[in-house]
Each structure stands twice: as C-alpha cells, then as structure tokens.
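Trainee:
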Amino acid sequence: MKQDNVMTTPFVSQYDNLKQALPGYSQPWMTTLRDRAMESFTQAGLPTQRRESWKYTNLRGLQQLELTERALEPQPISIDRAPSLLPEGTAHRVVFVNGGFRPDLSDLAGLPEGVIVGSVADLAEREPQRVEALLAAHSDVEDQPLVALNTAFMRDGLLLELEAGRKLDRVLEVIHVNSAENGVFAHNARNLISLGAGSEATILEHHTGLNGTAYYINAANDMTLAEDATLRHYRIQAEGTNAVHTSTMNGHLSGNSFYDGYTLSIGAALSRNETNMKLTAAGARCHLNGGYLMRDKQHCDTTTVVDHLSPQTSCREVFKGVLDDRSRGVFQGRIVVHPEAQQTDGHQLNKVLLLTDTAEINAKPELEIYADDVKCSHGCSAGEVDHDALFYLRSRGLSETSAKALLIQAFLAESVSEIGKEELQDLFLEKISDWLAI
Amino acid sequence: MLEIKNLHADVEGKAILRGINLTIQPGEVHAIMGPNGSGKSTLAHVISGRDGYDVTEGEVLYHGKNILEMEPEERAGEGVFLAFQYPVEIPGVTNTTFMKEALNSIRKYRGEDELDAMQFMKVIREKTKQLGVSNDMLKRAVNVGFSGGEKKRNDILQMAILEPSLAILDETDSGLDIDALKTVADGVNLLRSPENATLVITHYQRLLDYIVPDFVHVLAKGRIVKSGDKTLAQELEKKGYAEFTDQAA
Numbered sequence: 100m101k102q103d104n105v106m107t108t109p110f111v112s113q114y115d116n117l118k119q120a121l122p123g124y125s126q127p128w129m130t131t132l133r134d135r136a137m138e139s140f141t142q143a144g145l146p147t148q149r150r151e152s153w154k155y156t157n158l159r160g161l162q163q164l165e166l167t168e169r170a171l172e173p174q175p176i177s178i179d180r181a182p183s184l185l186p187e188g189t190a191h192r193v194v195f196v197n198g199g200f201r202p203d204l205s206d207l208a209g210l211p212e213g214v215i216v217g218s219v220a221d222l223a224e225r226e227p228q229r230v231e232a233l234l235a236a237h238s239d240v241e242d243q244p245l246v247a248l249n250t251a252f253m254r255d256g257l258l259l260e261l262e263a264g265r266k267l268d269r270v271l272e273v274i275h276v277n278s279a280e281n282g283v284f285a286h287n288a289r290n291l292i293s294l295g296a297g298s299e300a301t302i303l304e305h306h307t308g309l310n311g312t313a314y315y316i317n318a319a320n321d322m323t324l325a326e327d328a329t330l331r332h333y334r335i336q337a338e339g340t341n342a343v344h345t346s347t348m349n350g351h352l353s354g355n356s357f358y359d360g361y362t363l364s365i366g367a368a369l370s371r372n373e374t375n376m377k378l379t380a381a382g383a384r385c386h387l388n389g390g391y392l393m394r395d396k397q398h399c400d401t402t403t404v405v406d407h408l409s410p411q412t413s414c415r416e417v418f419k420g421v422l423d424d425r426s427r428g429v430f431q432g433r434i435v436v437h438p439e440a441q442q443t444d445g446h447q448l449n450k451v452l453l454l455t456d457t458a459e460i461n462a463k464p465e466l467e468i469y470a471d472d473v474k475c476s477h478g479c480s481a482g483e484v485d486h487d488a489l490f491y492l493r494s495r496g497l498s499e500t501s502a503k504a505l506l507i508q509a510f511l512a513e514s515v516s517e518i519g520k521e522e523l524q525d526l527f528l529e530k531i532s533d534w535l536a537i
Numbered sequence: 151m152l153e154i155k156n157l158h159a160d161v162e163g164k165a166i167l168r169g170i171n172l173t174i175q176p177g178e179v180h181a182i183m184g185p186n187g188s189g190k191s192t193l194a195h196v197i198s199g200r201d202g203y204d205v206t207e208g209e210v211l212y213h214g215k216n217i218l219e220m221e222p223e224e225r226a227g228e229g230v231f232l233a234f235q236y237p238v239e240i241p242g243v244t245n246t247t248f249m250k251e252a253l254n255s256i257r258k259y260r261g262e263d264e265l266d267a268m269q270f271m272k273v274i275r276e277k278t279k280q281l282g283v284s285n286d287m288l289k290r291a292v293n294v295g296f297s298g299g300e301k302k303r304n305d306i307l308q309m310a311i312l313e314p315s316l317a318i319l320d321e322t323d324s325g326l327d328i329d330a331l332k333t334v335a336d337g338v339n340l341l342r343s344p345e346n347a348t349l350v351i352t353h354y355q356r357l358l359d360y361i362v363p364d365f366v367h368v369l370a371k372g373r374i375v376k377s378g379d380k381t382l383a384q385e386l387e388k389k390g391y392a393e394f395t396d397q398a399a
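Chains as they are written, first to last, in the numbering used here: chain F, 100 to 537; chain G, 151 to 399.
(1) Would you kindly check if the distance between the Cβ of F:S514 and the Cβ of F:V417 is under 8 Å?
(2) Kindly provide the ranges of any beta strand (DSSP E) runs that are 3 or more residues long and lie completely inside the stretch 299 to 330 of chain F, ordered along the chain.
(3) I'd like the span of the alpha helix (DSSP H) that includes F:L161, first residue to last.
(4) Is the shortest distance between the beta-carbon of G:A399 and the beta-carbons of chain F less than 8 Å?
(5) Which residue comes first and which comes last in the alpha helix (DSSP H) that contains G:Q269?
(6) Between F:G308 and F:L452, what straight-line distance do the alpha-carbon atoms span, to the nearest angstrom?
(7) Mind checking the stretch 495 to 509 of chain F against chain G and listing, in chain order, the residues whose C-beta falls within less than 9 Å of any C-beta there?
(8) Within 10 Å of its beta-carbon, does G:V338 have 16 or more other beta-carbons around it, so buried, or fewer, so exposed?
(9) Quick one: list the residues of chain G neighbouring F:A512, beta-carbon separation under 8 Å, in chain order.
(10) For F:F490, return the contacting residues in chain G, with the cut-off set at a CB-CB distance below 7 Å.
(11) In chain order, what residues of the same chain lie with their CB nearer than 7 Å to the CB of F:Q126, ignoring the 5 residues before and after it?
(12) Going by Cα to Cα distance, which pick from F:V343, F:R384, F:L489 is closest to F:A318?
(13) In the DSSP assignment, what are the bridge partners of G:L331?
(14) For F:D487, go through chain G and note every residue whose CB falls closer than 7 Å to its CB, in chain order.
(15) Please confirm whether any heavy atom of the ligand COA lies closer than 7 Å to the CB of F:Q508.
(16) Indicate the three-state DSSP secondary structure (helix, strand or coil) for F:F252 in the structure shown.
(17) Listed in chain order, which residues of the stretch 339 to 362 of chain G have Cβ atoms closer than 9 Å to some Cβ of chain F?
(18) Quick one: grab the DSSP three-state call for F:R133.
(19) Quick check on G:Q175: does DSSP put it in helix, strand or coil?
(20) Show which residues of chain G have a CB atom less than 9 Å away from the CB atom of F:R384.
(21) For F:R425, go through chain G and note every residue whose CB falls closer than 7 Å to its CB, in chain order.
(22) Which runs of the beta strand (DSSP E), 3 residues or longer, sit entirely within the stretch 321 to 396 of chain G?
(23) Run down chain F in chain order and give the residues with a C-beta less than 9 Å from the C-beta of G:Q235.
(24) Express the C-alpha separation of F:A504 and F:I537 in angstroms, rounding to a whole number.
(25) Considering only residues of the same chain and omitting the five flanking positions on each side of G:T278, which have a CB-CB separation below 6 Å?
(26) Would F:R433 pass as an interface residue toward chain G - the criterion being a Cβ-Cβ separation below 8 Å?
(27) Which class does F:Y114 belong to by DSSP, given the choice of helix, strand or coil?
(28) Does the count of Cβ pairs from the stretch 263 to 282 of chain F and the stretch 488 to 500 of chain F closer than 8 Å reach three?
(29) Thinking just about the alpha-carbon of each residue, which of G:S188, G:I166, G:T173, G:N156 is nearest to the one in G:A392?
(30) Using a 10 Å radius around the Cβ and a threshold of 16 neighbouring Cβ atoms, would you call G:A399 buried or exposed?
(31) Please list the partners that G:Q175 has in chain F, where partner means a Cβ-to-Cβ separation under 7 Å.
(32) Let's test the definition: count the other Cβ atoms within 10 Å of the Cβ of G:I328 and tell me whether it reaches 16, buried, or not, exposed.
(33) From F:I507 to F:E521, what distance separates their C-alpha atoms?
(34) Using only CA atoms, which one of G:V161, G:E209, G:M151, G:I174 lies nearest to G:S377?
(35) Inspect the CB distances between the stretch 444 to 464 of chain F and the stretch 418 to 430 of chain F and report whether three or more fall short of 8 Å.
(36) Is the Cβ-Cβ distance between G:H109 and G:H367 less than 8 Å?
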C-alpha cells in the first residue's frame, strides 16, 4: 500500500540523515529494527482516512505544524521545576522535557529492590539486551504505521520493569513537559513497561504543554503483564492547544493479570489515544476508561481494540465525553471475542454531552464475537444537558453556568469513579473542574 | 407580597392561563385547587421561571418587583421556592454539594457572606433536627433511588435550608401515602411564619387537612372562578369540579 503522502515525506527524508545520531546506533540489532520500521512506515505512510480505523481522524493538521529539518532533533528547553501533581515525597517521579529524560528533575530515591525505573535511552546504553528484550516482546504487532514511525525515530521514554512479586507502593508519577519555544519539533516517546508475575504498580502519567506552541508527540507504549500482575495506569493529556498528540498503547495481559486504565484528554488541537489489549490467558482483565473534554475546534479520538484470545477473560470500558463549541470527538471501541474465548465478559459504554449544535461525535462500537458462550454489551449515547435537572438546580438559586458545570462534573464523575486507586480520583475531578471554570 | 395581575400564558401557542388575578399577603396560606388541565402547574412554573411558557399578558410582582423578567435563580434569590410535583433525580451530585452551592448562591444574591463547610454543616444539623429527617439523605445523590416520599421530604429540607419567603407546593401530595403526606405537611407547617407565605397547589382536599389554608381558589380553564375560605375545599371534595368547569366554559 505505497502512498504518496505529502505528510509522510518530512519523516522519510530525515531518517538517513539522523539515524547515526539516534540512540543505540552502535547496536546492530537496534539499527536493523529501525531500518525495518522505516521501511514499513515508508510503505504504509501516515494513516489517512482511507484506513477504516482512521475514518474519522485526519492527520492533515500535521502539515500546518510545518515540521522543519531540525524538528526531529532533540530540542531541550530550560526548565527548573517539573509541574508535579502529587505532594513532594509521596511519589517516585520521572520527568521528560521535550521527550528527553531529566534526571535532575526526577526523584527516584528509595525505589524498592527488583524495580527498575528510568530512561529507555539510558538503559539502551548500559543494558542494551534489556531494552532489546522489551522491544521484542511486541514485535508481533503489524500494520501500525505510527508505531513504526516511533520505532524508527524513538530516542527516549519511560522504562519500568518489576521483577516477579515486587510491589511499587508509591505512585510512579511520569511527567512529560513540552514546549516548542525553541522551534517546532516532533518527538517519538517510547515507553516500555514490563511487570513480572504477581507484581504491582500504579502510574500517574501526565502530558503538559505550554499553550500556543505547536509540536507533535507520537508516543508508543509497550506493556506486558505477566501472571497475576496489576498495572494501574492513569493519564492526563493536557498538551498545548496547538499540539498534535498521537499515542498507541499495546498491551499483553497474561492469566489473572489486571490492567486498570483511565485517560483524561483535555489538551491538543488534535489527539488520538489508541489502545490495543490482548487478553491471552484465563482471568486476564482490563478496564479501559476515560473522559474527554473538548472545546473550540479541538479533535479527540479514542480508539480501543480488545482481543479476547482465551476463555474467561473480561474487559470493561466506560468513557464520557463533553464537547463544546465546534469540537469533535471520535470513539471507536472494538471488542473481538476469538473462537476459543468462551465465557468472555465484555462491557462498553460511551456517553457524550454535546454542549452546542456544532459539536460533533462519531461513535462506532464494534463487537466481533466468534464464540457462543459470551456476555457482551455496549452502549452509546449523545445528548444535551438535561433541561429538567438544569431548571431544578436554577430554581434553588444556582446560576445557569454553575448548574451546568455541576451537571457536567457529575456526568464525568461517573467515569472517574471507575479509577481503581480511589485516592487519585480527586485529582482527576479537580482537573475537570479546572476545565469547567475556564 | 405577591401580586398576580391579569396573567395570560401560552404553551406552544395554546392559551393555558387566561387572566389570573391573585394577591397574597405575608403570613397567608393560599390553596389553588382545580381539575387536571386547569393550569395549576403552569401557574407554579410561570411564577418560578421555567422556560417553555409564553406570558402574553399581565404581570407578576413580588415585593413590588416584576419577577417575570428574572432568571429562575434570581427569583430564588428573591425568596421564591418551588416544591416540585416530580423532584428531579441528579446522579453524581450529592445533596450536600447541591445544597451548599444553592444556599451560598442565594446568600450571595442577598449580599450575605458565603458559608464555609463548617458553618454549612451547622445549618444542616439544625434543619435536619428541626424537621426530624435523617442526615443520610444528604450524602446521597440528589433524589437518586429515593422513594416518592423521600423525594418530597428532600424538597422540604431544601426549603428549610433556603428559607424562602414564598413557598409554592406544586401537587406535593401526588403519589404520597398518608404518613409521607403528614411528614411533608408537618415540615411545611414548621416553616410557616408571619413573614412567609405559602401557595399550595393541589387536586385533592386531603393535603389541606394538614396544611390549613386561609384562602381557597378554584382554578378552571385558566381562570380563578371562585375564592373562599377552607370550607370551599370541603365543598369541592363533596361536589367535584363539574359545576366550575361548566361555568368557565
């Protein structure tokens, strides 16, 4: 599927110039991996709306970013404080500024034994075989042009590895700060997460961008959960209002492992969060939840694909969207129950509040069921703020604005309450009320 | 304090209120009775500011101010309170959050200081004690999973907290058994004072055994066709509304 895609060109043409400067060039396996990825990306091109899974999201906006020759080079900016959301001393902290690891802003003191937290670039130098193994775990994934693009150019990202039975008691806060103050840039963060049998970790990941600056983040996350492992992964996407953010998460869940995910999207001109989960053995469970709040002409795409590959696996998805002005939301939720996956339990819900006549939602639930003993449900709805409730609140003295804000907050709270780590729920509710207060 | 003068209102082009005149003084309890479709609830909604009604003629003055030009929240600030026929369920918003925001909005409107969490809880304790209702109700989402009686009691609790000068009870008795009815009536009676007025809208005389009105008005086809004292309600209970509906036509 060779494509003449004008947006693909800047990436393809930069590769040969840059590849020697990319981390891990001295490792032949790494260069082979990158070369193959580049070849695959060149063949496929950036996804266009001709692809079924990209029907409602158009990356043409990238063109307006005018990515220059230097865009794919590191663009460090000076910053002396990371915008942490958790009280000092209560969390382990990893900070990336414009994609580059900043040990000076990070706090990794007191990590338990058997837990590795750090920078992928760093580890690629010191323990290349570790990074090679982590990347190989997901090499079966094909036909993901954005992941191929990421593999070709990746420089850094979070590495989290837990040995069997290890528990990270504190939250791991992963902060990504981005600003194009020194010129437009694009970076490809690669996050590698591997949890050994019975291990447990909680990640609070947030992406903050300075408003007004334009940049492109293309993140890829490889996540592997061994038997009985638990990963709680809560994210806030608050990129700058002119940024483009694409994120692909590929997860492998073994028997009785549990992934609990929540993504709150409020930033970026255009964003896409794609999650692909493979439930490979009995008892594997995943919760993919989230909220998206968009205004002006923002566009937010939430795409999930859950593959039930074994009997007795379950997934639950609760997404709530609020769309104001001329913003646009996309929700594509695919659940595939493979023939051997008997006794699958799947539940999916996407509810949207449209605050104006010009806001738009494209929702596409897809259930593909090839087994006969399964429990699967899905629900999609879009509507406006309940008039009766609005009048009820106003008749008690609340202004129209506060009444609406209260109802929207309550609407979103239903998804936030899905966050398994309850003490983090307030933080998300606060972000939501901040958004409403603007 | 409330003067309704020649009030006409349409719903979707259909005339529902066709010239209502009613004056209520502080301390009085007025009951409006009438058959279904006579315009009782429309009157309550027009006074409290619900949209969907077109006032084509007349005015409603409250303490001398024309409240028809006000937003519902401004009317609430002026002291108008509507107890709903069907209180609305609001998932995800607890009664406490709602009432604190409501009370502070109204205090702000009146130029009073807003209450902090501690001060607010003090008000709550006082009012729940006064009405003999349980605090549990406050922790729950507004009216969600409440029985019919609980919803009405919740409305009365809101009224106690907001201390309106005019309470309009819109068919508060509908769907209530006799015990729930008594509890609600007791709440309303507790909150009566020489400064406050109450407008009870009802189809049946039953509620008026517990909230005894000073004046009873019969509404038929959008007009008040007869006014009297509480004996009028008893008369209606015996004879029904047929006489008045014929008369209004």
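Note that beta-carbon positions come from the ideal geometry of N, C-alpha and C, so glycine has one too.
Remember, predicted model here, so these are calculated numbers, not experimental data.
Mentor: Concretely, from the data shown:
(1) For the 8 Å CB-CB criterion, F:V417 and F:S514 form a contact.
(2) Listed in chain order, they are 299 to 308, 315 to 324.
(3) Taken as a continuous stretch (DSSP letters only), the alpha helix (DSSP H) holding F:L161 covers 160 to 163.
(4) Low local confidence applies: a pLDDT of 47 at G:A399 is under 50, so the model's placement there is unreliable, and no value is given.
(5) Counting along the chain, the unbroken alpha helix (DSSP H) around G:Q269 starts and ends at 267 to 281.
(6) Each residue's Cα considered, the two are about 26 Å apart.
(7) Hits within the stretch, in order: R495, G496, L497, S498, E499, S501, A502, L505, L506, Q508, A509.
(8) That one is buried.
(9) Chain G residues near F:A512: G242.
(10) Per Cβ cutoff of 7 Å: R200, P222.
(11) Closer than 7 Å at the Cβ level, and outside the excluded window around F:Q126, lie P227.
(12) Closest by alpha carbon: F:V343.
(13) None; G:L331 has no bridge partner.
(14) Here the neighbours are V238.
(15) No copy of the ligand COA occurs in the structure displayed, which carries no ligand at all.
(16) If DSSP states are grouped into helix, strand and coil, F:F252 belongs with the helices.
(17) Answer in chain order: no residues at all.
(18) F:R133: helix per DSSP, three-state reduction.
(19) Coil.
(20) Neighbours of F:R384 on chain G: none; closest Cβ ~25 Å, over 9 Å.
(21) Ordered by position in chain G, no residue passes the 7 Å Cβ test against F:R425, which lies about 25 Å from the chain.
(22) Counting only runs that start and end inside the stretch 321 to 396 of chain G, the beta strand (DSSP E) elements of at least 3 residues fall at 347 to 352, 365 to 370, 373 to 378.
(23) Within chain F, no residue comes near G:Q235; the closest Cβ sits about 11 Å away, beyond 9 Å.
(24) Near 11 Å, if we compare the C-alpha coordinates of F:A504 and F:I537.
(25) Excluding sequence neighbours, G:T278 sits near N285.
(26) So, not an interface residue.
(27) Helix.
(28) Contact between the stretch 263 to 282 of chain F and the stretch 488 to 500 of chain F is absent, because fewer than three Cβ pairs lie under 8 Å.
(29) Among G:S188, G:I166, G:T173, G:N156, the Cα nearest to that of G:A392 is on G:S188.
(30) For G:A399, the predicted model reports a pLDDT of 47, less than 50, meaning its position is unreliable and no value from the coordinates is stated.
(31) Chain-order list of chain F residues neighbouring G:Q175: empty, with the shortest C-beta distance near 23 Å, by a criterion of under 7 Å.
(32) If you draw a 10 Å sphere on the C-beta of G:I328, you find fewer than 16 other C-beta atoms in it, and that means exposed.
(33) Rounded to the nearest whole angstrom, the CA to CA distance from F:I507 to F:E521 is 20 Å.
(34) Of G:V161, G:E209, G:M151, G:I174, the residue nearest in Cα terms is G:I174.
(35) The stretch 444 to 464 of chain F, when compared against the stretch 418 to 430 of chain F, does touch it at the 8 Å Cβ threshold.
(36) No information on residue 109 of chain G is available, as it lies outside the stretch 151 to 399 that chain G covers here.
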